[in-house]
Amino acid sequence: DAGVTQSPTHLIKTRGQQVTLRCSPKSGHDTVSWYQQALGQGPQFIFQYYEEEERQRGNFPDRFSGHQFPNYSSELNVNALLLGDSALYLCASSLDTNQETQYFGPGTRLLVL
Amino acid sequence: AQTVTQSQPEMSVQEAETVTLSCTYDTSESDYYLFWYKQPPSRQMILVIRQEAYKQQNATENRFSVNFQKAAKSFSLKISDSQLGDAAMYFCAYRSGVWETSGSRLTFGEGTQLTVNP
Chain A
170 DAGVTQSPTH
180 LIKTRGQQVT
190 LRCSPKSGHD
200 TVSWYQQALG
210 QGPQFIFQYY
220 EEEERQRGNF
230 PDRFSGHQFP
240 NYSSELNVNA
250 LLLGDSALYL
260 CASSLDTNQE
270 TQYFGPGTRL
280 LVL
Chain B
5 AQTVTQSQPE
15 MSVQEAETVT
25 LSCTYDTSES
35 DYYLFWYKQP
45 PSRQMILVIR
55 QEAYKQQNAT
65 ENRFSVNFQK
75 AAKSFSLKIS
85 DSQLGDAAMY
95 FCAYRSGVWE
105 TSGSRLTFGE
115 GTQLTVNP
């Protein structure tokens, strides 16, 4: 049973560029959440997708956007990259029920120069 | 808004000994879930243990157990018979039980780096 997968594992961009990160949820899961984890800090919730719609959003600017596909996989897009966007981006999946625990992928390490 | 606080940035323990990691949280909700996640150097966030607030019994998973004090809003993790593989960053996390408004959104603490000495 495949767990949550993310691609790419590492990425280097320059300020002002745009980036797309990808996530495939654990088999059977239909809900995907994205988190940003700056170095030495706990993860911060960006947003959550269910049924191809953004259902919850954290305190992140509109430069951060996402998408969920019919097969439940998801993309995180960040426009106009800033140095402060350098972080580990984690994807987590779960079933859309109140009892379900989130399972995390290995993350994508983004470095903005 | 809910907050989670881990007041111990670093902890160390001798192999085979017991260590307790602390976590406090602030919420006005009565229905919620608490979690401990482990993040080794590989960065993969791994679920260690989960506690439902409506359950009075403390959760246990093999060598891992929690001390859940709802009135004090405290949720500590005890690791017994520590092993070298337990070395990692440990995060305490909160999830609201109000599914309609919060979904499965997690609020994390800042983490505690655990070192296990041989």
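Protein chains in written order, with my numbering: chain A, 170 to 282; chain B, 5 to 122.
We put the beta carbon where it would ideally sit given N, CA and C, even for glycine.
Is residue i close to chain A? Criterion is C-beta to C-beta, closer than 8 angstroms.
i: residue 115 of chain B; result: yes
i: residue 48 of chain B; result: yes
i: residue 51 of chain B; result: yes
i: residue 67 of chain B; result: no
Are the C-beta of residue i and some C-beta of chain B separated by less than 8 angstroms?
i: residue 263 of chain A; result: yes
i: residue 211 of chain A; result: yes
i: residue 257 of chain A; result: yes
i: residue 275 of chain A; result: yes
i: residue 214 of chain A; result: yes
Tell me the DSSP bridge mates of residue i?
i: residue 235 of chain A; result: A/245
i: residue 179 of chain A; result: A/278
i: residue 121 of chain B; result: B/18
i: residue 77 of chain B; result: The partner list for residue 77 of chain B (beta bridge, DSSP) is empty, contrary to what the question assumes.
i: residue 38 of chain B; result: B/55 and B/98
i: residue 257 of chain A; result: A/206 and A/278
i: residue 50 of chain B; result: B/42
i: residue 71 of chain B; result: B/80
i: residue 110 of chain B; result: B/99
i: residue 92 of chain B; result: B/118
i: residue 9 of chain B; result: B/28
i: residue 201 of chain A; result: A/218 and A/262
i: residue 191 of chain A; result: A/176 and A/244
i: residue 213 of chain A; result: A/205
So which residues of chain A does residue i contact, with C-beta pairs closer than 7 angstroms?
i: residue 107 of chain B; result: 217, 224 and 225
Assuming the contact rule is C-beta atoms closer than 8 angstroms, residue i and residue j should be a hit. Round their C-beta distance to whole Å, please.
i: residue 87 of chain B; j: residue 52 of chain B; result: Not really, about 13 angstroms apart at Cβ, beyond 8 angstroms.
i: residue 211 of chain A; j: residue 112 of chain B; result: 3 angstroms
i: residue 6 of chain B; j: residue 100 of chain B; result: 7 angstroms
i: residue 43 of chain B; j: residue 91 of chain B; result: Residue 43 of chain B to residue 91 of chain B, Cβ: 11 angstroms. No contact.
At a CB-CB cut-off below 9 angstroms, which residues of chain B make contact with residue i?
i: residue 202 of chain A; result: 107, 108, 109 and 110
Check the Cβ of residue i against every Cβ in chain B and list those closer than 8 angstroms, keeping chain order.
i: residue 279 of chain A; result: Those within 8 angstroms of residue 279 of chain A in chain B number zero; the least Cβ separation is about 13 angstroms.
Could one say the Cβ of residue i lies closer than 8 angstroms to chain C's Cβ atoms, at least one of them?
i: residue 271 of chain A; result: Looking at the structure shown, chain C is missing, and the protein chains on hand are A and B.
Anything in chain A within Cβ reach of residue i, meaning under 8 angstroms, just list it in chain order.
i: residue 95 of chain B; result: 211 and 212
Item to check | Three CB pairs or more closer than 8 angstroms across the region 15-28 of chain B and the region 230-248 of chain A | outcome: No, the region 15-28 of chain B does not touch the region 230-248 of chain A.
Item to check | Inter-stretch contact (C-beta, 8 angstroms, three-pair minimum) for the region 252-264 of chain A and the region 18-35 of chain B | outcome: Taking 8 angstroms as the limit for Cβ pairs, the verdict is that the region 18-35 of chain B does not touch the region 252-264 of chain A.
Checklist entry - Do the region 79-97 of chain B and the region 188-195 of chain A make contact, defined as three or more Cβ pairs closer than 8 angstroms? => result At 8 angstroms Cβ cutoff, the stretches do not touch.
Checklist entry - Should the region 232-248 of chain A be called in touch with the region 58-69 of chain B, which here means at least 3 C-beta pairs below 8 angstroms? => result Note that the region 232-248 of chain A does not touch the region 58-69 of chain B; fewer than 3 beta-carbon pairs, one per stretch, sit closer than 8 angstroms.
Checklist entry - Can we say the region 207-223 of chain A touches the region 59-73 of chain B, given the rule of at least three CB pairs closer than 8 angstroms? => result No, the region 207-223 of chain A does not touch the region 59-73 of chain B.
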